[in-house]
């Protein structure tokens, strides 16, 4: 079953999705019930899910990072999960700060910003967004269409990203986790046996959208909720019709 629930009120959508997840869990199924929500919504989702219910078996509220840990532990083993743990944003920005300081002498555009900690967060967001769009960092500068400002910016971003990748090679950041899920979620027995629900998102990056396509294709059932007439509704309908 592939189902899309879209309404004008996203709160109403969330309530309905979680009610269906609760019903699936209480219906005697032994299959996992996996509910994927944004980071900011996990606690509230669990409260709604457990409303009027003392306990639910086989139910997990997950973010995309938590889904990575679940599948990675299944396929690669718990020890590798510890070795390749996902960086939280604060730690990732600190690594980005170190990367910027390491290559500051090679920067041709952002040199005046290297001493500002806020610049590290902005650069992390920029690099993460480019990674989520599957950017080719090795060719950023070469592929820039203009000869002046854009080309110099891309030169600096490429330098910073390569150093950041070197410093974080023992870790996985959010973009890396999503890339791994795209390649491997379809191999997971847990996903194949699961009733998957996803709700609460106003936007999905290119990588998250690809993960959703994998989940919709391989999960036992897939139910997605979104605001009516949103960009995500178009994606969910595309996924549903492609089944």
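Numbering (my numbering), first residue to last: 394 to 636.
Just so you know, even glycine gets a beta-carbon here, dropped at the ideal spot from N, CA and C.
query, result
"Same chain only: Cβ atoms within 6 Å of residue 566, ignoring 5 sequence neighbours per side", "480, 485"
"Under 8 Å between C-beta atoms of residue 625 and residue 597", "yes"
"Distance, residue 532 Cα to residue 475 Cα", "Caution applies to residue 475, whose pLDDT of 48 falls short of 50 and renders its modelled position unreliable; the model cannot decide the point."
"Burial state of residue 436 (16 or more Cβ within 10 Å)", "exposed"
"Those residues which DSSP pairs with residue 455 across a bridge", "429"
"Nearest to residue 450 (by Cα), restricted to the options 419, 461, 524", "419"
"Runs of alpha helix (DSSP H) lying entirely within the stretch 559 to 628, each at least 4 residues, in chain order", "567 to 577, 582 to 586, 599 to 611"
"Reduced DSSP category for residue 528 - H, G, I as helix; E, B as strand; rest coil", "coil"
"Secondary structure of residue 479, DSSP reduced to three states", "strand"
"Residue interval of the alpha helix (DSSP H) (run including residue 440)", "435 to 442"
"DSSP beta-bridge partners of residue 395", "615"
"The stretch 554 to 564 touching the stretch 581 to 595, judged by at least three CB pairs closer than 8 Å", "no"
"According to DSSP, residues forming a beta bridge with residue 400", "620"
"Status (buried if at least 16 other CB within 10 Å, exposed otherwise) for residue 394", "exposed"
"Residue 400 to residue 577 span [Cα, whole Å]", "32 Å"
"Proximity of residue 412 and residue 426 at Cβ, strictly below 8 Å", "no"
"Outcome for residue 518 when other beta-carbon atoms lying within 10 angstroms are tallied against a minimum of 16", "exposed"
"For residue 588 and residue 424, believed in contact at Cβ under 8 Å, the rounded distance", "6 Å"
"Straight-line gap, residue 453 to residue 409 (C-alpha atoms, nearest Å)", "17 Å"
"Nearest-angstrom Cα separation, counted from residue 523 out to residue 551", "11 Å"
"CB of residue 560 within 8 Å of CB of residue 513, strictly", "no"
"Distance, residue 629 Cα to residue 615 Cα", "10 Å"
"Simplified DSSP state of residue 500, which is helix, strand or coil", "coil"
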